[in-house]
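2 protein chains.
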Amino acid sequence: MTEFELIERYFRDGCQRGSKRKDVLFGIGDDAAILRAPDNNQLVVTTDTLVEGIHFLKDIDPKVLAYKSVAVNLSDLAAMGADPAWLTLALTLPKSDEAWLAGFAEGLNQICEYYGIALVGGDTTRGPLTITLTAMGHVPSDRGIYRHGANPGDWIFVTGTLGDSAAGLKLLTGDLSCDEDLKEFLVTKHLRPVPRVLAGRSLRGIASACMDLSDGLAGDIKHICKASEVSAHINIEQLPLSSALQQALGEANAQSLAIVGGEDYELLFTVPENRKGALMTALGEAGVNHSCIGQMRGGSGVHFYRDGELVTDLVDSFQHF
Amino acid sequence: MTEFELIERYFRDGCQRGSKRKDVLFGIGDDAAILRAPDNNQLVVTTDTLVEGIHFLKDIDPKVLAYKSVAVNLSDLAAMGADPAWLTLALTLPKSDEAWLAGFAEGLNQICEYYGIALVGGDTTRGPLTITLTAMGHVPSDRGIYRHGANPGDWIFVTGTLGDSAAGLKLLTGDLSCDEDLKEFLVTKHLRPVPRVLAGRSLRGIASACMDLSDGLAGDIKHICKASEVSAHINIEQLPLSSALQQALGEANAQSLAIVGGEDYELLFTVPENRKGALMTALGEAGVNHSCIGQMRGGSGVHFYRDGELVTDLVDSFQHF
Numbered sequence: 001m002t003e004f005e006l007i008e009r010y011f012r013d014g015c016q017r018g019s020k021r022k023d024v025l026f027g028i029g030d031d032a033a034i035l036r037a038p039d040n041n042q043l044v045v046t047t048d049t050l051v052e053g054i055h056f057l058k059d060i061d062p063k064v065l066a067y068k069s070v071a072v073n074l075s076d077l078a079a080m081g082a083d084p085a086w087l088t089l090a091l092t093l094p095k096s097d098e099a100w101l102a103g104f105a106e107g108l109n110q111i112c113e114y115y116g117i118a119l120v121g122g123d124t125t126r127g128p129l130t131i132t133l134t135a136m137g138h139v140p141s142d143r144g145i146y147r148h149g150a151n152p153g154d155w156i157f158v159t160g161t162l163g164d165s166a167a168g169l170k171l172l173t174g175d176l177s178c179d180e181d182l183k184e185f186l187v188t189k190h191l192r193p194v195p196r197v198l199a200g201r202s203l204r205g206i207a208s209a210c211m212d213l214s215d216g217l218a219g220d221i222k223h224i225c226k227a228s229e230v231s232a233h234i235n236i237e238q239l240p241l242s243s244a245l246q247q248a249l250g251e252a253n254a255q256s257l258a259i260v261g262g263e264d265y266e267l268l269f270t271v272p273e274n275r276k277g278a279l280m281t282a283l284g285e286a287g288v289n290h291s292c293i294g295q296m297r298g299g300s301g302v303h304f305y306r307d308g309e310l311v312t313d314l315v316d317s318f319q320h321f
Numbered sequence: 001m002t003e004f005e006l007i008e009r010y011f012r013d014g015c016q017r018g019s020k021r022k023d024v025l026f027g028i029g030d031d032a033a034i035l036r037a038p039d040n041n042q043l044v045v046t047t048d049t050l051v052e053g054i055h056f057l058k059d060i061d062p063k064v065l066a067y068k069s070v071a072v073n074l075s076d077l078a079a080m081g082a083d084p085a086w087l088t089l090a091l092t093l094p095k096s097d098e099a100w101l102a103g104f105a106e107g108l109n110q111i112c113e114y115y116g117i118a119l120v121g122g123d124t125t126r127g128p129l130t131i132t133l134t135a136m137g138h139v140p141s142d143r144g145i146y147r148h149g150a151n152p153g154d155w156i157f158v159t160g161t162l163g164d165s166a167a168g169l170k171l172l173t174g175d176l177s178c179d180e181d182l183k184e185f186l187v188t189k190h191l192r193p194v195p196r197v198l199a200g201r202s203l204r205g206i207a208s209a210c211m212d213l214s215d216g217l218a219g220d221i222k223h224i225c226k227a228s229e230v231s232a233h234i235n236i237e238q239l240p241l242s243s244a245l246q247q248a249l250g251e252a253n254a255q256s257l258a259i260v261g262g263e264d265y266e267l268l269f270t271v272p273e274n275r276k277g278a279l280m281t282a283l284g285e286a287g288v289n290h291s292c293i294g295q296m297r298g299g300s301g302v303h304f305y306r307d308g309e310l311v312t313d314l315v316d317s318f319q320h321f
């Protein structure tokens, strides 16, 4: 089989048959895909590139890589409150490797099937290993959740726990070591982040602003503050930490990673006081753990507090790590 | 300025202000873009990757590279009969280079403005120079033109002239030389192909099948034949050749390049006998040159004729080139 036939076999057959979406009028195999967007909805589109050696380690399992590439894009859609629908894949490969392609396609097909999304197009080229995905989804008209909607007084929330993924990466690169069972949990959080699709959907009409955490809380929350023209006040002791992370690192280092560690792919969002009840109902029904970590106020910047005291030099306080 | 600020300045400001599309509810600057698709239309989506050293020469002007990257994607949309609307850009760069970025953004903004499309999202990463674009457009419901609609008896057409781009590439790489004025024409055809947006649109309801020519006529037409289950019969002397190409190469070599040369980005399409009049009217109004190069019949495969005689070994007949 030629490489072209291989790719066709792995992606076209697998992903198209797997998804069975009726809104894909024509998927892979023509100059472009033709898709039917639902009425009274808006289209939500995001693109992410992952480069070998920068966004993932050289020896990563292709199945895991495919999963994570898709998950990262779905996380962006979730942050807008969108339901994921379609995906295009641009795959640049250094060489034709059937085992690698088979693994990558298997991982891709699995996550597409799980979230009911269809791979509708792609391009395969020769070159250094690079993966670019464009994910498309839908949100009911004018119900998308932006970064710019937070107001002073809104409470700041995150889903799940923070810092686990960063610890998992350190375990993979040998910069950290811990017990095997803790390691497995943390590494899995790094390699297989769960995009908060259901949570994002549940936040429509409740969250005033939302984004996903990819670069670490301290840096990411600046985007909401800047877009919304508010300041964030975060209580370090309220940051949700997994028991695995605390056991592996101790509380102080766990808090450090929760603040500066990246790739959590949890949602960071703000909720006005009068919608806190609705939030508990909505996320409770969706079974999504979430924690209030602080409050937005007027002014600008991001301010961390420990036991009620402003931490004046955050970088300094973490430089031991 | 940091690289992030640079990119924001060049792409976000330029492309978003330039396009002024009202259907972009939110473009660059959040986790994802939110877009409004028109009613009674279907969404058309295509992705293409260009890798340095493979799809473009190392020393290419970034302005030209941006133009061509977009043009190639618009060509795919045109081949479906779609109107282009939105674009996402995934740009992988080996280093931060303000002059390069400025040139790339200028080229991108120009073509986006010309075709009235908006850059709605993107991702910039560090790595070997790679450009992945995803282009989205619209086609009135069920009016998209596929590769699989050709029938025996349909006439085969191409827009414009063939082979110029391949000659332009040979001139750039030093594999060919000719007079300066011919060279300029041919190199321009290679570097700045004009996507057949207006032609594609005009072919709705007229062409039974359509695709764009990117890999060369001989290879590309196989896709229509296979998808439509027909055979193609092409008369070599009917292939449209520019006078520049004929002057630079002589007729026989010009024909060779028209058959096997890539990157024409012309439309290859089929039209039933009873719609030939409508075709002439539609493409005449759009001012698009087009030529009938042969006819589809039953059976399979692609067959070339010279002076009515089947050319039995096409590869052999061109191996001198």
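Quick mapping for you: the protein sequence lines, in order, are chains E and L. Residue numbering for the first sequence follows full-length UniProt numbering, starting at 1 and increasing by one per position. Residue numbering for the second sequence follows full-length UniProt numbering, starting at 1 and increasing by one per position. Ideal Cβ positions, reconstructed from N, Cα and C, are used throughout, including at glycine.
Under a CB-based cut-off of 9 Å, is residue i close to chain L?
| i | result |
| --- | --- |
| E:C210 | yes |
| residue 399 of chain E | Past the boundaries of the shown model lies residue 399 of chain E; chain E is included only from 1 to 321, so the question cannot be answered. |
| E:L108 | no |
| E:V70 | no |
| E:V311 | no |
| E:A135 | yes |
| E:W100 | no |
| E:W155 | no |
| E:A227 | yes |
| E:D39 | yes |
Quick check on DSSP: helix, strand or coil for residue i?
| i | result |
| --- | --- |
| E:C112 | helix |
| L:I236 | helix |
| E:R306 | strand |
| L:A244 | helix |
| L:S300 | coil |
| L:S69 | helix |
| E:S214 | coil |
| E:A90 | strand |
| E:H55 | coil |
| L:S291 | strand |
| E:D76 | helix |
| L:V260 | helix |
| L:A207 | coil |
| E:I224 | helix |
| E:V44 | strand |
| L:G121 | strand |
| L:I202 | It is Ser, not Ile, that sits at residue 202 of chain L in the sequence shown. Of the three classes helix, strand and coil, the one that applies to L:S202 here is helix, per DSSP. |
So residue i contacts chain E; which residues on that side make the cut at Cβ distance below 8 Å?
| i | result |
| --- | --- |
| L:G277 | The premise fails here: L:G277 is roughly 26 Å from chain E at the closest Cβ pair, so nothing lies under 8 Å. |
| residue 374 of chain L | This structure leaves residue 374 of chain L out entirely; chain L is present only between 1 and 321. |
| L:M80 | D30, D31, A32 and I34 |
| L:R201 | Here the premise fails: no neighbours, minimum Cβ distance about 14 Å. |
Please list the partners that residue i has in chain E, where partner means a Cβ-to-Cβ separation under 7 Å.
| i | result |
| --- | --- |
| L:Y146 | F26 and D30 |
| L:G127 | V51, I54, P128 and T130 |
Assign residue i to one of two classes, buried (16 or more other C-beta atoms within 10 Å of its C-beta) or exposed (fewer than that).
| i | result |
| --- | --- |
| L:N40 | exposed |
| L:R306 | exposed |
| E:E266 | buried |
| L:P38 | exposed |
| L:K189 | buried |
| L:N289 | exposed |
| L:S214 | buried |
| E:N73 | buried |
Could you list which residues in chain L have their beta carbon closer than 8 Å to that of residue i, in chain order?
| i | result |
| --- | --- |
| E:A254 | Ordered by position in chain L, no residue passes the 8 Å Cβ test against E:A254, which lies about 26 Å from the chain. |
Which residues of chain L have a Cβ atom closer than 7 Å to the Cβ of residue i, listed in chain order?
| i | result |
| --- | --- |
| E:L35 | Q42, L43 and V45 |
| E:A90 | T47, T49 and T132 |
Just the chain L side, please: which residues come within less than 9 Å of residue i by C-beta, in chain order?
| i | result |
| --- | --- |
| E:G262 | Chain L residues near E:G262: none, gap ~14 Å exceeds 9 Å. |
| E:R12 | Here the premise fails: no neighbours, minimum Cβ distance about 13 Å. |
| E:V139 | I34 |
Using a Cβ-Cβ distance under 9 Å, would residue i count as near chain E?
| i | result |
| --- | --- |
| L:S75 | yes |
| L:G301 | no |
| L:G121 | yes |
| L:A118 | no |
Who are the neighbours of residue i on chain E, taking C-beta pairs under 9 Å?
| i | result |
| --- | --- |
| L:T159 | In chain order: nothing, as chain E lies at least about 14 Å away. |
Could you tell me which uninterrupted beta strand (DSSP E) segments, each at least 3 residues in length, are contained entirely in the segment 123-200 of chain L, listed from first to last along the chain? 130-140 and 155-159
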